[in-house]
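Chemist: Here it is, the structure, as structure tokens.
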Amino acid sequence: FFKILNYKISMHDTAFNVFDEVRLQGEHTDVIIKVQDTHFKVHKIILCGCSPYFRTLFSTQWTNMEEQFYHIPGMSSDTMSLIIQYAYARPVLITEENVPELLAAADQFLISDLIDACCQFLKANVCPENCIGTCMLTECFPSCSMLHRKARLYVLQHFEEVLQVSEEFLELPLGHLEAMIAQDELNVKQEEMVFEAIVRWIGHAPENRRKHIAVLLSKVRMGLMSPDYFMTDVRNNALVLESEACSDIVINAMKVIFDLHMEEPASSELVNQLTRPRLPYEILLAIGGWSVSNPTNEIEAYDARADCWVNVTQEDELPRAYHGSVVLDGFVYCLGGFDSENYFSSVRKFNPITQTWQEVAPMYERRCYVSVAVLDGLIYAIGGFNGYGRLKTVERYDTNTNQWTMMAPMNERRSDASATSLQGKVYICGGFTGVECLFSAESFNPETNQWSLIAPMRSRRSGVGVITYGNLVYAVGGFDGAARLRSAEAYNPLNDTWHDIRSMINPRSNFGIEVVDDQLVVAGGFNGVGTCRDVECYDRMTNEWDEVCSMSISRSAVSCCVISGLPDVTQYVVDRDSLETSDDESDSD
1 FFKILNYKIS
11 MHDTAFNVFD
21 EVRLQGEHTD
31 VIIKVQDTHF
41 KVHKIILCGC
51 SPYFRTLFST
61 QWTNMEEQFY
71 HIPGMSSDTM
81 SLIIQYAYAR
91 PVLITEENVP
101 ELLAAADQFL
111 ISDLIDACCQ
121 FLKANVCPEN
131 CIGTCMLTEC
141 FPSCSMLHRK
151 ARLYVLQHFE
161 EVLQVSEEFL
171 ELPLGHLEAM
181 IAQDELNVKQ
191 EEMVFEAIVR
201 WIGHAPENRR
211 KHIAVLLSKV
221 RMGLMSPDYF
231 MTDVRNNALV
241 LESEACSDIV
251 INAMKVIFDL
261 HMEEPASSEL
271 VNQLTRPRLP
281 YEILLAIGGW
291 SVSNPTNEIE
301 AYDARADCWV
311 NVTQEDELPR
321 AYHGSVVLDG
331 FVYCLGGFDS
341 ENYFSSVRKF
351 NPITQTWQEV
361 APMYERRCYV
371 SVAVLDGLIY
381 AIGGFNGYGR
391 LKTVERYDTN
401 TNQWTMMAPM
411 NERRSDASAT
421 SLQGKVYICG
431 GFTGVECLFS
441 AESFNPETNQ
451 WSLIAPMRSR
461 RSGVGVITYG
471 NLVYAVGGFD
481 GAARLRSAEA
491 YNPLNDTWHD
501 IRSMINPRSN
511 FGIEVVDDQL
521 VVAGGFNGVG
531 TCRDVECYDR
541 MTNEWDEVCS
551 MSISRSAVSC
561 CVISGLPDVT
571 QYVVDRDSLE
581 TSDDESDSD
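Residues 1 to 589 in full-length UniProt numbering are what the sequence shown lists, from first letter to last.
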């Protein structure tokens with residue numbers, strides 16, 4: 001008996017090799033495509049197979065002539081050659097130089113696969129230098145609408161980088177620049193940058209552009225500027241002074257800035273127009289923790305541009321404290337922790353776009369008071385407490401395989417430590433052995449799978465916050481065995497030394513720590529009396545701490561992480577229109 005075998009021979013590649021050979025030899029062709037001064041002898045049936053455009057063209061002008069001429073205007077012969085290569089199933093090399101015209105040709109000839117290939121190429125190569133060009137190119141083609149939206153969002157989210165390196169910015173049409181700087185999504189740390197961008201754009205062609213200063217200035221949210229900058233750099237700018245249309249704009253802005261500075265009421269419409277916060281590119285999440293006497297599942301998002309917290313708790317998330325959280329490839333991972341009864345080895349993965357959680361592979365060991373870090377696309381879970389003792393073990397998670405791997409153990413057992421990564425190494429500082437609070441610190445080299453002790457901190461710190469900020473490792477707050485600490489210090493790996501920085505305003509241990517908008521942020525914690533909800537931020541350029549908006553609930557054992565570049569950040573920020581409504585209501589009161 002013979003088994004039935006469904007055996008299919010594919011002649012596709014072989015056939016197209018033959019078709020292309022006879023085309024190049026000019027054999028059996030039945031049509032000539034003329035582009036510029038170049039004639040392409042081709043087979044109608046082949047072009048019809050790849051393009052509805054040619055199918056229609058040939059069917060409406062079909063004759064009994066042995067060969068026919070068709071002239072394709074407005075296209076280079078190089079681009080037509082690529083189209084023909086594609087039709088004959090030949091490889092088509094897409095480059096930065098040919099993609100604009102190739103995309104236009106693919107769109108004209110309705111070749112959807114080639115359009116997709118061009119879009120994939122543009123998407124893969126988008127960067128601050130070319131994102132404006134990509135945005136404007138794809139605006140012309142409805143079939144590229146998704147890429148156009150992504151390129152537009154890229155320009156807005158990377159605006160400061162674009163200003164530094166893009167020559168395309170200086171060539172923007174007025175309408176595009178006006179629309180760009182009017183967007184809430186425009187990512188600028190200081191509004192001053194928007195005004196400077198306008199001045200630079202006008203300076204590229206001053207004779208033709210200086211007349212546009214008023215319409216562009218009206219889009220700048222001058223109430224977000226420092227009063228000194230506004231008075232010195234905006235009001236006294238030569239372009240502004242010579243424009244009569246700018247006079248009322250400046251007067252209104254001066255009134256709003258003065259009233260805000262003096263905390264006096266101003267016109268709500270003017271305030272809303274001039275002080276509406278831009279949307280942040282980065283969102284800090286404060287996840288779980290210990291609130292009063294119980295673990296909490298509450299998640300709050302910090303909107304740094306509006307200086308407020310938004311509750312984004314998911315109902316299906318379980319309470320957890322003393323856990324770790326990291327962000328990798330756009331997903332939030334929460335590791336280990338404690339719920340007042342159980343010590344967890346489980347790991348949960350959160351998709352901030354769909355706002356859904358899922359379980360991934362658990363760790364080998366239960367870990368609360370765990371330290372976590374990300375290095376080279378891998379997640380490290382370090383030390384902690386398993387319900388019986390403090391750990392020196394380390395394991396590493398690969399998101400691609402959904403597997404954990406045990407790594408070399410640390411030199412010391414430590415829970416209540418904190419970890420970060422910098423320049424190819426993982427650093428862990430402080431912690432608790434079960435007997436004493438530690439001032440020791442270690443670094444891990446993944447190339448050798450080895451931990452090495454580095455210079456010890458100046459203070460013992462358990463419940464410390466450790467974070468990379470600039471090119472240094474910062475160790476903030478904690479408990480030294482006697483009191484909660486306000487002090488902070490920074491480690492320079494180049495010379496293996498620690499130095500003190502300005503102390504926090506409030507003492508705290510077991511708090512959340514992250515960097516947002518180039519500011520080091522600490523949130524919540526235990527101050528020696530109880531859990532707290534206050535939040536401070538540190539600027540390394542000024543060596544100063546400032547208090548910002550407090551969280552809605554007091555909590556320690558909270559874990560913070562930062563998500564960035566969301567396609568729709570509005571789920572995690574205060575509604576800008578509601579800010580205007582609240583301003584109106586306060587004015588009416």
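C-beta atoms are modelled at their ideal positions from N, C-alpha and C, and glycine is treated no differently.
Determine the direct distance from the alpha carbon of residue 76 to that of residue 492, and round the result to whole angstroms.
Modeler: The alpha-carbon atoms of residue 492 and residue 76 are separated by roughly 57 angstroms.
Chemist: Tell me, which residues are paired with residue 425 by DSSP?
Modeler: Bridge partners of residue 425: 422.
Chemist: What span of residues does the beta strand (DSSP E) with residue 39 cover, start to end?
Modeler: Residue 39 -> beta strand (DSSP E) spans 38 to 42.
Chemist: Report the residue from 168, 576, 556, 569 whose alpha carbon sits nearest the alpha carbon of residue 292.
Modeler: Closest option to residue 292, Cα to Cα, is 556.
Chemist: Taking just the CA atoms, how far does residue 482 sit from residue 460?
Modeler: Taking the straight line from one Cα to the other gives about 10 angstroms.
Chemist: Considering only the alpha carbon of each residue, which of 515, 39, 578 lies closest to residue 285?
Modeler: Answer by Cα proximity: 515.
Chemist: Going straight from the alpha carbon of residue 311 to that of residue 569, what length do you get?
Modeler: Cα-Cα distance, rounded: 14 angstroms.
Chemist: How about residue 439 and residue 456: do their beta carbons lie closer than 7 angstroms?
Modeler: In contact: residue 439 and residue 456 (Cβ atoms closer than 7 angstroms).
Chemist: Counting pairs of Cβ atoms below 8 angstroms between the region 148 to 157 and the region 86 to 93, do you hit three or more?
Modeler: With the cut-off at 8 angstroms, the region 148 to 157 and the region 86 to 93 do not touch.
Chemist: Excluding the 5 residues preceding and the 5 following residue 474 in the sequence, name in chain order all residues of the same chain whose CB lies nearer than 6 angstroms to its CB.
Modeler: Excluding sequence neighbours, residue 474 sits near 467, 490.
Chemist: Compute the Euclidean distance between the alpha carbons of residue 91 and residue 132, then round it to the nearest angstrom.
Modeler: If I take the Cα positions, the gap works out to 28 angstroms.
Chemist: Based on the DSSP output, what are the partners of residue 324 in its beta bridges?
Modeler: The partner list for residue 324 (beta bridge, DSSP) reads 335.
Chemist: Could you tell me whether the region 297 to 315 touches the region 250 to 259, where touching means 3 or more Cβ pairs closer than 8 angstroms?
Modeler: The region 297 to 315, when compared against the region 250 to 259, does not touch it at the 8 angstroms Cβ threshold.
Chemist: Take the Cβ of residue 366 as the centre, count every other Cβ of all protein chains shown within 10 Å, and call the residue buried at 16 or more, exposed below.
Modeler: Buried, by the Cβ-count rule.
Chemist: Among 351, 419, 485, 389, which one has its Cα closest to the Cα of residue 375?
Modeler: Checking every option, the nearest Cα to that of residue 375 belongs to 419.
Chemist: Among all the DSSP beta bridges, which residues are the ones paired with residue 108?
Modeler: The partner list for residue 108 (beta bridge, DSSP) is empty, contrary to what the question assumes.
Chemist: Going by the DSSP bridge assignment, what does residue 500 pair with across the sheet?
Modeler: DSSP lists 489 as partners of residue 500.
Chemist: What does the Cβ neighbour count give for residue 388, buried or exposed, with the cut at 16 atoms within 10 Å?
Modeler: It is exposed - the Cβ of residue 388 has fewer than 16 other Cβ atoms within 10 Å.
Chemist: On the three-state DSSP scale, how would you describe residue 71?
Modeler: Here residue 71 sits in strand by DSSP.
Chemist: Quick one: Cα of residue 229 to Cα of residue 509, how far?
Modeler: If I take the Cα positions, the gap works out to 38 angstroms.
Chemist: How big is the Cα-Cα spacing for residue 259 and residue 243?
Modeler: Distance between the alpha carbons of residue 259 and residue 243 is about 25 angstroms.
Chemist: Where does residue 189 sit, in a helix, a strand or coil, going by DSSP?
Modeler: Three-state result, residue 189: coil.
Chemist: Smallest Cα separation from residue 106: which of 540, 47, 126?
Modeler: Comparing Cα-Cα distances from residue 106 to each of 540, 47, 126, the minimum goes to 47.
Chemist: Taking Cβ to Cβ, would you say residue 289 is nearer than 7 angstroms to residue 464?
Modeler: Contact flag unset, no.
Chemist: Residue 40 to residue 328, Cα distance in whole Å?
Modeler: Approximately 51 angstroms between the Cα atoms of the pair.
Chemist: For residue 93, which three-state DSSP category applies?
Modeler: DSSP places residue 93 in coil when its eight states are reduced to three.
Chemist: In the DSSP output, what is residue 546 paired with across the bridge?
Modeler: In DSSP, residue 546 forms a bridge with 537.
Chemist: Using only alpha-carbon positions, find the residue among 187, 126, 177, 138 that is nearest to residue 156.
Modeler: Among 187, 126, 177, 138, the Cα nearest to that of residue 156 belongs to 187.
Chemist: So the alpha helix (DSSP H) residue 77 belongs to, where does it begin and stop?
Modeler: Taken as a continuous stretch (DSSP letters only), the alpha helix (DSSP H) holding residue 77 covers 77 to 87.
Chemist: Going by DSSP, name the residue or residues bridged to residue 357.
Modeler: 350.
Chemist: Could you work out which residue in 414, 450, 423 is closest to residue 434 when comparing CA atoms only?
Modeler: The shortest Cα separation from residue 434 among 414, 450, 423 belongs to 414.
Chemist: Given residue 158, which residues of its chain have a CB within under 8 angstroms of its CB, disregarding the five upstream and five downstream residues?
Modeler: If we look at residue 158 and ignore the five residues flanking it on each side, its Cβ neighbours are 128, 131, 187.
Chemist: Apart from the five residues on each side of it in sequence, which residues of its chain come closer than 8 angstroms, Cβ to Cβ, to residue 544?
Modeler: Excluding residues within five positions, the ones whose Cβ falls inside 8 angstroms are 502, 538.
Chemist: With DSSP collapsed to three states, give me the class of residue 526.
Modeler: Here residue 526 sits in strand by DSSP.
Chemist: From 392, 540, 217, pick the residue whose C-alpha is nearest to that of residue 197; which is it?
Modeler: Cα-wise, what sits closest to residue 197 is 217.
Chemist: Can you tell me which of the three DSSP states residue 445 falls into?
Modeler: The answer is strand: DSSP assigns residue 445 an E or B state.
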